[in-house]
């Protein structure tokens, strides 16, 4: 019978077991009281639970862990109350959320209520049209589902928050479709909220497009005006500037030109006189004796005074 063999780790050939792989842990949720840790103080329980669920999802907590840790993120007084609620004792997170909401709803911030809708309509003039329609749709949808708002009033109150220009366009659109906006309206059918909402959002997009276009057009006009002014100023400065004085052109000395007619004639006469004098000097002259025995040559054309 073959000897029994010892079973070892399949990943080892030396008979030594391989240690289990190390587990990598992600970031942990801040402990109660640490910077960034949430704390419920009794106000706005609905909003707190929404943020608490998101926080727990980010750190990978299960519903049982959310239920167990929730009291630690409350004030000491609320912590004691939460620990005796049925949902906490049963470690049932949906039940615990319902229990907490029943206790602290009076101090909850109203969200989908008529008061919240009225507040939104009053703030609509200073709000972006897209944001107003989005918030109004969310609140009014919950009110219609709770039978606190009729479909007809939902459309009518939507128009209350619009500007006069947009409201007129919506009414014209509803009239063309044959929708009635009130019990005394001549329309025959109830208005379609989704179609009206789509029409308003299209108008909002049109207004945004026009605003961008007007801004770019204004920029183009300012640019064109600036260029025109610059060209006009440059032209005016060139026209008003004194014309530069042309420097005298350098002339290359040229050979002496022929004398004029008068100078030529005078030169000719001087030449003839010179020839005449030379001819007279070359001929023998008669001489006269003076008492001193000296002779004085006769000048041409000059008679002897003696």
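Numbering (this note's numbering), first residue to last: 8 to 313.
Yeah, the Cβ is synthetic: ideal placement off N, Cα and C, and Gly gets one too.
Because the structure is a prediction, the values reported are computed rather than measured.
| Query | Result |
| --- | --- |
| Straight-line gap, residue 180 to residue 199 (C-alpha atoms, nearest Å) | 11 Å |
| Sufficient close CB pairs (3 or more, under 8 Å) joining the region 73-90 to the region 54-63 | yes |
| Contact check, residue 143 vs residue 127, beta carbons under 8 Å | yes |
| Residue environment, residue 112, which counts as buried when at least 16 other CB atoms sit within 10 Å | exposed |
| Helix, strand or coil at residue 196 according to DSSP, with G and I counted as helix | strand |
| Span separating the alpha-carbon of residue 263 from that of residue 279 | At residue 263 the pLDDT is 48, less than 50, meaning the model places this residue with poor confidence and gives no usable figure here. |
| Counted within 10 angstroms of its Cβ, other Cβ atoms place residue 13 as buried (16 or more) or exposed | Only weak support exists for where residue 13 lies, its pLDDT of 44 falling under 50; the value from the coordinates is given anyway. Exposed is the call here. |
| Cβ neighbour criterion (16 or more within 10 Å) applied to residue 177 | buried |
| Neighbourhood of residue 38 by C-beta, 8 Å cutoff - its chain only, sequence neighbours within 5 removed | 44 |
| Cβ neighbours of residue 53 in the same chain (closer than 6 Å, five flanking residues each side left out) | 115 |
| Given residue 35 as reference, the closest of 64, 234, 270 and 162 once Cα atoms are compared | 64 |
| Close beta carbons around residue 68, own chain, < 8 Å, minus the five adjacent residues each side | 36 and 76 |
| DSSP-derived helix/strand/coil call for residue 55 | helix |
| Residue 31 in three-state terms, based on DSSP | Note that residue 31 scores a pLDDT of 45, beneath 50, so its modelled location is shaky and nothing firm can be said. |
| Cutoff 6 Å; reference residue 98; Cβ partners in own chain excluding five residues on either side | 71 and 74 |
| Residue 81 - partner residues in DSSP beta bridges | 47 |
| contact_flag[the region 92-110, the region 145-152] where n(CB pairs < 8 Å) is 3 or more | no |
| Residue of 150, 140, 244 and 135 minimising C-alpha distance to residue 166 | 140 |
| Pairwise C-alpha distance: residue 150 and residue 120 | 7 Å |
| Pick from 47, 95 and 118 that is closest to residue 83, judged by C-alpha positions | 47 |
| Integer-rounded CB distance, given that residue 187 should sit under 8 Å from residue 197 | 7 Å |
| First and last residue of the uninterrupted alpha helix (DSSP H) at residue 334 | With the chain covering only 8 through 313, there is no way to say anything about residue 334. |
| Contact belief for residue 85 with residue 49 at Cβ below 8 Å, rounded distance in angstroms | 6 Å |
| Integer Cβ distance of residue 123 from residue 132, believed to fall under 8 Å | Rounded, the Cβ-Cβ distance is 17 Å, inconsistent with contact. |
| Same chain, Cβ closer than 7 Å to residue 161, neighbours up to 5 away in sequence not counted | 147, 151 and 200 |
| Environment of residue 89 [buried if 16+ CB atoms lie within 10 Å] | buried |
| Anticipated Cβ contact below 8 Å, residue 189 with residue 163, distance rounded | 7 Å |
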